[in-house]
Every structure is written in C-alpha cells, then in structure tokens.
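A.B. asks: Take this structure first; my questions come after.
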Amino acid sequence: MGQRRATITAVGHYVPEKVLSNFDLEKMVDTSDEWIRTRTGIRERRILEKGATSDLAVEAIKRLFENSGVGPEDIEVIVVATVTPDMFFPSTAAVIQEKLGLKRAWGFDLSAACSGFIYALITGAQFIESGNYNKVLVVGADKMSAIVDYTDRNTCVLFGDGAGAVLLEPSDDPEYGILDHIFYMDGTGGKYLYMPGGGSLNPPTYETVDKKMHYIYQDGRAVFKVAVVGMADVSAEIVERNGLRGDDIDWLVPHQANLRIITATAERMGLDLSKVMINIDRYGNTTAATIPLCLSEYWECGKLKPGQRIVMSAFGAGYTWGAVLMRWSLPNPPQPRPDVARYCEEMDSRRFEIPEELKIKNNVAK
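For the sequence shown, UniProt numbering gives the first residue as 1, with consecutive numbering after it.
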C-alpha cells in the first residue's frame with residue numbers, strides 16, 4: 001500500500017458585514033487612502049462589531065457544511081489556528097464544538113500567528129495520515145480588531161477580521177492531496193512583532209492597560225525585510241525540492257500581509273500575478289484566516305480545479321514561516337453561490353497591475 005495522504009474535500013469562509021475603508025481610517029488617524037494603498041495594497045477590511053473569534057469560525061464552518069453535505073456528527077478532530085482566542089481557556093476549538101454540536105470531535109487551538117493555518121493544516125494532515133481519523137476540520141480565524149490600537153496608524157491600517165475552514169479526508173489517489181511541507185521558526189524575531197500584555201509575563205493590570213500593552217506591537221520595517229525574503233525563499237524551495245518549476249505551479253496562495261511581499265514571492269517563483277490568489281485589497285491581513293479565505297473564495301468562483309498544483313506560503317510572528325505543496329482534488333461547484341456571484345464576476349475582470357511604488361526596490365525577489 002502507498003502512503004495515505006490527506007486532501008482538502010470541503011472549504012468555507014466568512015467575513016463580517018461591516019466594512020472599514022481607508023477613507024474611514026482617514027477620519028480616525030493621520031493617514032490617507034493613497035498612503036495605505038501604495039504601501040500595502042489594502043483598500044478596505046472587515047470588522048466584527050459584536051462577537052468573538054469563535055463566531056467567525058462557526059459561520060465559516062457552517063458554509064463548509066452547506067458546500068459539502070458533511071454534518072456536525074461527521075467531524076472527528078478540530079484544529080483552530082488563531083492568535084485571538086475567545087479566552088485563554090477553554091480553547092476556541094472547545095467553544096466551537098459546543099456551538100456547532102460537534103459531539104464526536106476533540107480538538108485544540110494552535111498559535112503560530114500568520115503562519116497558523118499552514119501549521120494547523122499539516123498538523124491536521126498527520127491525524128489523517130496516521131490512519132486513526134478520517135474527517136479533520138482545520139480552521140484559521142482571527143478577530144484582529146480586538147487587539148488593534150486604532151490610534152496607531154502603523155498597525156490599524158493593516159488588519160481585518162475573518163475566518164476560513166477546510167475539511168481534511170484521506171485522498172482516493174496518492175498523487176493528490178498534501179504532498180510536502182517546509183516549516184521554519186526563528187525565536188530571535190519575537191521582539192519585532194508581538195503583543196506584550198495579557199500573558200503570564202505581563203498579566204493584566206492598570207499599568208499594562210495604560211501602556212497599551214494589550215495591542216499589537218510591530219516594527220514594520222524590520223518585519224518586512226525578513227518576511228519578504230523568507231516567504232519568497234521558502235516558496236521557491238518547496239518547488240525546487242519536488243523537482244518542479246514555476247511553470248508547474250497553477251496557484252500560489254500567499255499569506256495576505258502586504259502586496260509587495262506577495263509580489264516578491266511570485267517573482268521569486270517566476271509566476272505571473274494571474275496565478276496568484278489575492279484578496280488583501282478587500283480584507284487586509286486576517287492573520288490565520290488569509291489562506292483558507294482565499295482557497296474558499298477561489299473555489300466557489302470555479303478557479304480551483306482538480307489536478308492543479310498549489311503552493312501555500314506564509315510568514316508570521318515568532319518568526320514562523322513555511323510553505324505547503326498540494327495537488328487539488330475537490331471538484332468545482334456547479335455554479336457560484338448567489339452571495340459570491342458578483343465577486344466572481346469582478347474576479348474575472350480585475351487585474352493586479354503593481355504600481356512602481358509597490359515593487360521591491362532591493363532585488364530580494366530575484
């Protein structure tokens with residue numbers, strides 16, 4: 001018998017209704033639509049006004065159930081990637097289990113920031129490959145608005161709220177499914193992107209609140225310099241390690257942190273932007289949700305087809321980074337759902353032409 005592989009057999013996503021545009025942010029901090037777009041590629045993001053990360057995840061999983069016919073009683077394991085859990089404990093996985101009635105499932109949360117989903121995906125795949133489980137739910141969800149300081153223009157323009165979910169099952173064909181992964185971590189980067197307050201090091205006090213220690217801190221320049229190289233290099237590495245070339249890859253699914261980083265990764269792999277999944281312009285950085293959100297939207301629009309080779313890559317706090325190579329097996333939906341049909345039409349017409357100011361100037365992508 002060949003190796004038992006895990007493959008994605010269902011997808012779902014959810015974003016809140018409230019839109020926070022760059023023009024809205026102009027009224028809140030010293031910034032402008034042009035300043036944000038030319039530095040990040042973002043024009044708007046979604047905000048969950050009431051509720052928690054589990055509520056985002058629940059809606060994404062419900063959509064997955066609707067798309068697949070799988071029900072709560074079928075799920076055996078749930079792995080939730082998030083840096084904004086509802087609370088420290090119980091886990092957000094446990095909260096989701098109760099809200100959806102996943103009575104057969106056990107699970108846990110996983111924290112790897114923007115790399116969280118691909119870390120969780122490979123973790124979930126191990127349960128499938130072991131032969132002990134047949135249906136594993138992997139979720140990436142974050143309510144980033146809960147830890148963003150909306151008086152800090154350097155961070156509040158970047159993040160949004162959202163969730164994505166995938167179902168892992170054994171592949172019927174060993175040539176399809178998750179084929180390889182490469183992961184890295186460098187703890188020396190921790191001081192450049194973190195939330196200092198709230199944990200056992202700096203438990204909540206009046207002082208930690210006054211000093212805004214419960215919000216994201218980021219040295220944007222330092223993070224960018226490392227991320228733009230790390231994500232591009234690991235994406236190229238996984239292609240080369242499997243004896244492939246850029247022409248063999250049908251889709252790059254990059255973490256949506258900055259359009260410049262996305263562009264650098266595509267250039268490093270020799271890919272045209274038409275082969276890159278991009279929605280950062282509409283959602284910003286939703287942390288663990290960016291990659292599954294892309295997968296779900298592009299699948300619902302009929303862009304993902306069985307047999308296509310996909311590279312997912314991410315870079316996040318820790319530092320953590322990595323890439324996953326898979327061959328897609330999920331058939332196209334018969335037609336786009338009514339609530340995404342309009343976006344699918346826009347997707348066919350929109351083309352990302354990278355402005356000069358968004359292109360990498362230091363040749364790190366070469």
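For glycine and all other residues, C-beta sits at the position ideal for the given N, C-alpha and C.
If you're wondering where the values come from, they're calculated on a predicted model, not measured in any experiment.
1. Below 8 Å, can you find three or more Cβ-Cβ pairs linking the segment 65-76 to the segment 126-144?
2. Excluding the 5 residues flanking N242 on each side, which residues of the same chain have their C-beta closer than 8 Å to its C-beta?
3. Starting from the C-beta of I122, find all residues in its chain whose C-beta is less than 6 Å away, skip the five residues before and the five after it, and write them out in chain order.
4. What is the DSSP secondary structure of T9, counted as helix, strand or coil?
5. Counting along the chain, where does the alpha helix (DSSP H) carrying Y283 start and finish?
6. For a quick check, are the C-beta atoms of R309 and D247 less than 8 Å apart?
7. Kindly indicate the opening and closing residues of the alpha helix (DSSP H) around M269.
8. Which ranges would you report for the alpha helix (DSSP H) in the segment 151-206 if only whole runs of at least 4 residues count?
9. Which one or two residues does DSSP pair with Q218 in a beta bridge?
10. If distances are taken between C-alpha atoms only, which option among V234, E207, T9 and I280 comes closest to R268?
11. Classify D348: buried if its beta carbon has 16 or more other beta carbons within 10 angstroms, exposed otherwise.
12. To which residues does DSSP link D348 through a beta bridge?
13. Taking A165 as the reference, which of E345, R63 and G322 has the closest Cα?
14. With three or more C-beta pairs closer than 8 Å as the rule, is the segment 282-296 touching the segment 195-208?
15. Can you have a look at A341 and say buried or exposed, based on whether 16 or more other CB atoms are within 10 angstroms of its CB?
16. Are the beta-carbon atoms of G116 and V95 separated by less than 8 Å?
17. Is the separation between the beta-carbon of A236 and that of A141 shorter than 8 Å?
18. Whose CA, out of G316, N332 and V228, lies closest to the CA of I261?
19. Measuring alpha carbon to alpha carbon, tell me which of L25, Q335, K18 and A317 ends up nearest T188.
20. Quick test of your reading: Y119 and A60, contact by CB under 8 Å. State the CB separation rounded to the nearest angstrom.
21. CB-CB under 8 Å to E49, same chain, minus the five flanking residues each way: which ones, in chain order?
22. If you draw a straight line from the alpha carbon of R5 to that of V226, how long is it in whole angstroms?
23. Which ranges would you report for the beta strand (DSSP E) in the segment 5-55 if only whole runs of at least 3 residues count?
24. Let me know the secondary structure DSSP gives L304 once reduced to three states.
25. Can you say whether M28 is buried or exposed, counting buried as having 16 or more other CB atoms within 10 angstroms of its CB?
26. What three-state label does DSSP hand I118 in the structure shown?
27. In this structure, what does DSSP give as the bridge partners for W321?
28. Does the beta-carbon distance from I291 to M312 come in below 8 Å?
29. Is the beta carbon of S130 sitting closer than 8 Å to the one on D109?
30. Just tell me which of S296, K103 and R327 has its CA closest to the CA of C344.
31. Give the range of the beta strand (DSSP E) segment to which V95 is assigned.
32. Using only the alpha-carbon positions, how far apart do G101 and D86 sit?
33. Assign A10 to one of two classes, buried (16 or more other C-beta atoms within 10 Å of its C-beta) or exposed (fewer than that).
34. What's the call for Q126, buried or exposed, on a 16-neighbour Cβ count within 10 Å?
35. Whole-angstrom Cβ separation of D161 and R46, contact assumed at under 8 Å?
36. Assuming D219 contacts Y319 (C-beta within less than 8 Å), just tell me the rounded distance between them.
C.D. replies: This is what the structure holds:
1. yes
2. Working through the sequence shown from its first residue, we reach residue 242 at position 242. So the qualifying residues of the chain are L179, D180 and L325.
3. Within the sequence shown, residue 122 is the residue found at index 122, counting from 1. These residues qualify, in order along the chain: H181.
4. Counting from 1 along the sequence shown, the entry for residue 9 is found at position 9. The answer is strand: DSSP assigns T9 an E or B state.
5. The residue given as residue 283 occupies position 283 in the sequence shown. Where Y283 is concerned, the enclosing alpha helix (DSSP H) stretches over I280 to Y283.
6. One-based indexing of the sequence shown puts residue 309 at position 309. One-based indexing of the sequence shown puts residue 247 at position 247. Not closer than 8 Å, so no.
7. On the sequence shown, residue 269 is found 269 positions in, with the first residue counted as 1. From DSSP, the alpha helix (DSSP H) with M269 extends over L259 to M269.
8. 153-156
9. The sequence position of residue 218 within the sequence shown is 218, counting from 1. Answer is L193.
10. Numbered from its first residue, the sequence shown carries residue 268 at position 268. Checked all of V234, E207, T9 and I280; the closest Cα to R268 is V234.
11. As a working mapping, residue 348 is identified with position 348 in the sequence shown. By the neighbour-count rule (16 or more Cβ atoms within 10 Å), D348 is not buried but exposed.
12. Locating residue 348 in the sequence shown gives position 348, where the first residue counts as 1. D348 is not bridged to any residue.
13. Start at 1 with the first residue of the sequence shown, and residue 165 comes out as number 165. The shortest Cα separation from A165 among E345, R63 and G322 belongs to R63.
14. no
15. Sequence index remark: in the sequence shown, residue 341 carries index 341 (1-based). A341 comes out exposed.
16. In the sequence shown, the residue the question calls residue 116 occupies position 116. In the sequence shown, the residue the question calls residue 95 occupies position 95. Taking 8 Å as the Cβ cut-off, G116 and V95 do not qualify as a contacting pair.
17. In the sequence shown, counting from the first residue as 1, residue 236 sits at position 236. In the sequence shown, counting from the first residue as 1, residue 141 sits at position 141. Not a contact, by the Cβ cut-off of 8 Å.
18. For the purposes of this step, residue 261 is identified with residue 261 of the sequence shown, where counting begins at 1. The option with the nearest alpha carbon to I261 is V228.
19. Your numbering for residue 188 matches position 188 in the sequence shown. The shortest C-alpha separation from T188 is found at A317.
20. Taking the sequence shown and counting its residues from 1, the one referred to as residue 119 is at position 119. Taking the sequence shown and counting its residues from 1, the one referred to as residue 60 is at position 60. Going by Cβ atoms, the distance from Y119 to A60 rounds to 18 Å, so no, they are not a contact pair.
21. Here residue 49 corresponds to residue number 49 of the sequence shown, with the count starting at 1. If we look at E49 and ignore the five residues flanking it on each side, its Cβ neighbours are P16 and K18.
22. Taking the first residue of the sequence shown as position 1, residue 5 is located at position 5. Taking the first residue of the sequence shown as position 1, residue 226 is located at position 226. Distance between the alpha carbons of R5 and V226: 32 Å.
23. 6-14, 18-21 and 44-47
24. Translated into positions along the sequence shown, residue 304 becomes position 304. L304: coil per DSSP, three-state reduction.
25. Residue mapping note: residue 28 aligns to position 28 of the sequence shown, counting from 1. By the 10 Å Cβ count, M28 comes out exposed.
26. Residue mapping note: residue 118 aligns to position 118 of the sequence shown, counting from 1. The answer is helix: DSSP assigns I118 an H, G or I state.
27. Counting from one through the sequence shown, the residue named residue 321 turns up at place 321. Beta-bridge pairing links W321 to Y184 and F315.
28. Locating residue 291 in the sequence shown gives position 291, counting from the first residue. Locating residue 312 in the sequence shown gives position 312, counting from the first residue. Yes.
29. Taking the first residue of the sequence shown as position 1, residue 130 is located at position 130. Taking the first residue of the sequence shown as position 1, residue 109 is located at position 109. No. Outside cutoff.
30. Residue mapping note: residue 344 aligns to position 344 of the sequence shown, counting from 1. Of the listed residues, the one whose Cα sits closest to C344 is S296.
31. By 1-based counting over the sequence shown, the position of residue 95 is 95. Segment T92 to L100 is the alpha helix (DSSP H) holding V95; no beta strand (DSSP E) there.
32. The residue labelled residue 101 in the question sits at position 101 within the sequence shown. The residue labelled residue 86 in the question sits at position 86 within the sequence shown. If you take the alpha carbons of G101 and D86, they lie about 18 Å apart.
33. Residue mapping note: residue 10 aligns to position 10 of the sequence shown, counting from 1. Buried, since its Cβ has 16 or more Cβ neighbours within 10 Å.
34. Position 126 of the sequence shown holds residue 126. Exposed, since its Cβ has fewer than 16 Cβ neighbours within 10 Å.
35. Along the sequence shown, one-based indexing puts residue 161 at 161. Along the sequence shown, one-based indexing puts residue 46 at 46. Yes, they are in contact, since the Cβ atoms of D161 and R46 sit about 6 Å apart, within 8 Å.
36. Here residue 219 is taken as the residue at index 219 of the sequence shown, counted from 1. Here residue 319 is taken as the residue at index 319 of the sequence shown, counted from 1. Wrong, their Cβ atoms sit about 12 Å apart, outside the cutoff.
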